[in-house]
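Since the structure comes first, as structure tokens, the remarks are kept for the end.
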Amino acid sequence: MGKLRSSIIAANQELGKLQKAISDLPGEIEKKISNVWSLTQTGSEGFDTLYIYVSQKIKKEGKSWSDVEKETLRSIADKDIATFVVGINGFQKDALKRRKEFEAIPKELANLQKTLTKSEASLNDIQAKLKKKKAKLFKSKDYKAKLQAYEKCLDSLDDRVSDIQKSIKATTMLAKEIPGESQISKVLDASLDLTLADLKNKATMLTVKLEKKYSEMEKQGVTIAKKFRQAGNFSGELKMMKKMVDDADAMEEFDS
Numbered sequence: 071m072g073k074l075r076s077s078i079i080a081a082n083q084e085l086g087k088l089q090k091a092i093s094d095l096p097g098e099i100e101k102k103i104s105n106v107w108s109l110t111q112t113g114s115e116g117f118d119t120l121y122i123y124v125s126q127k128i129k130k131e132g133k134s135w136s137d138v139e140k141e142t143l144r145s146i147a148d149k150d151i152a153t154f155v156v157g158i159n160g161f162q163k164d165a166l167k168r169r170k171e172f173e174a175i176p177k178e179l180a181n182l183q184k185t186l187t188k189s190e191a192s193l194n195d196i197q198a199k200l201k202k203k204k205a206k207l208f209k210s211k212d213y214k215a216k217l218q219a220y221e222k223c224l225d226s227l228d229d230r231v232s233d234i235q236k237s238i239k240a241t242t243m244l245a246k247e248i249p250g251e252s253q254i255s256k257v258l259d260a261s262l263d264l265t266l267a268d269l270k271n272k273a274t275m276l277t278v279k280l281e282k283k284y285s286e287m288e289k290q291g292v293t294i295a296k297k298f299r300q301a302g303n304f305s306g307e308l309k310m311m312k313k314m315v316d317d318a319d320a321m322e323e324f325d326s
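Every letter in the sequence shown is one number past the one before it in the numbering used here, and letter 81, counting from 1, is 151.
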């Protein structure tokens, strides 16, 4: 087996691994980002609903908010308030669980980067070998057109590799913006010992902030996943690479 043939086969194998590694990743990125943020946001909306309920309750009792803002929820608790607290804590628990699951994404990205690096090296190896034969291949009636097609295929794969690299970088940066466990615990910390002033703060400021952030993150996640899918779909190029294998031994004879 010639060196060129061996290089093309090795590249085919690495690119096949790369395509397989990417196949499920875009969906996982969208799903896991959405899970963490949507649960955190929905849980925070529970504070908003609880605040409205408590405000109405206080008003019915003929009191003003300033009269009771230093008191705790426990001081005015009823069955509904207790249910709200339990519900928010439930979202906290689920969000923390999903955050733990999200930790798989950075690990998958690290493994993908290793596969990508090997794929890039294998493509560079083929291009270096073809470069040595290019002058004579272009003089061949049988191989000039084939070489042009193969070079176009390799250029396309180079672009795919570059796009995948950009997607890995973008996803890595996005992953850093996902709320950590301590942040989720703090944001969705609900108890009957919460003061009414703290409840108001969580309801009026936190919910709006999280809604905006979640909307931004969701859009970024969808965009990154879309680009990953586009970059990871190079079945046509792999078919062309298989044709290169068939011509490799014959092209081996052409040295500049």
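We treat Cβ as the ideally placed atom computed from N, Cα and C, and that holds for glycine.
None of these values were measured; they are calculated from a predicted model.
Extent of the continuous alpha helix (DSSP H) run through residue i
i    : result
E178 : 174-209
N82  : 73-93
T142 : That residue, T142, is in no alpha helix (DSSP H); it is neither H nor E in DSSP.
A327 : What is shown of the chain runs 71 to 326, which leaves residue 327 out entirely.
Separation of residue j from residue i, as counted between CA atoms
i    : j    : result
A91  : L182 : 7 angstroms
E98  : S285 : 18 angstroms
T242 : Y121 : 36 angstroms
L143 : S108 : 26 angstroms
A240 : S93  : 17 angstroms
I128 : S134 : 7 angstroms
L266 : A295 : 41 angstroms
L179 : K236 : 12 angstroms
K209 : K201 : 14 angstroms
D333 : E171 : Residue numbering for the chain in the displayed model covers 71 to 326; residue 333 lies beyond these limits and cannot be assessed.
S77  : S305 : 19 angstroms
I79  : K312 : 8 angstroms
K282 : Q111 : 10 angstroms
L244 : E307 : 30 angstroms
F117 : K246 : 26 angstroms
G302 : Q126 : 54 angstroms
L186 : E141 : 58 angstroms
L95  : R169 : 17 angstroms
I175 : I248 : 11 angstroms
D212 : K206 : 11 angstroms
Y123 : K184 : 53 angstroms
E323 : A81  : 20 angstroms
K297 : K149 : 49 angstroms
K252 : V155 : One detail in the question is off: residue 252 reads as Ser in this sequence, not Lys. Approximately 19 angstroms, taken between the alpha carbons.
D384 : S114 : Limits of the chain in this structure are 71 at one end and 326 at the other, which puts residue 384 out of reach.
S192 : K272 : 54 angstroms
D234 : K279 : Inspection of the sequence shows that residue 234 is occupied by Ile rather than by Asp. Their Cα atoms are separated by approximately 31 angstroms.
K203 : E84  : 24 angstroms
C223 : I238 : 23 angstroms
A147 : S232 : 58 angstroms
L166 : I151 : 23 angstroms
K188 : R75  : 17 angstroms
Interface flag, residue i vs chain B, CB-CB below 8 angstroms
i    : result
E221 : Of the chains in the structure shown, none is chain B; there is only one protein chain.
Residue i Cβ short of 7 angstroms to the ligand FMN heavy atom set
i    : result
Q218 : The ligand content of the structure shown is nil, which means the ligand FMN is not present either.
Inset, instruction - Take every Cβ of the region 273-292, pair it with every Cβ of the region 99-108, and state whether three or more of those distances are shorter than 8 angstroms. - result: Flag = yes, the region 273-292 and the region 99-108 touch.
Inset, instruction - Could you name each continuous alpha helix (DSSP H) segment of 4 residues or more that falls completely within the region 211-283, going from the start of the chain to the end? - result: 214-245, 251-257, 266-271
Legend entry - Contact the region 301-319 vs the region 209-222: 3+ CB pairs below 8 angstroms: yes
Inset, instruction - For the region 253-261 and the region 149-165, state whether three or more C-beta atom pairs, one from each stretch, are separated by less than 8 angstroms. - result: yes
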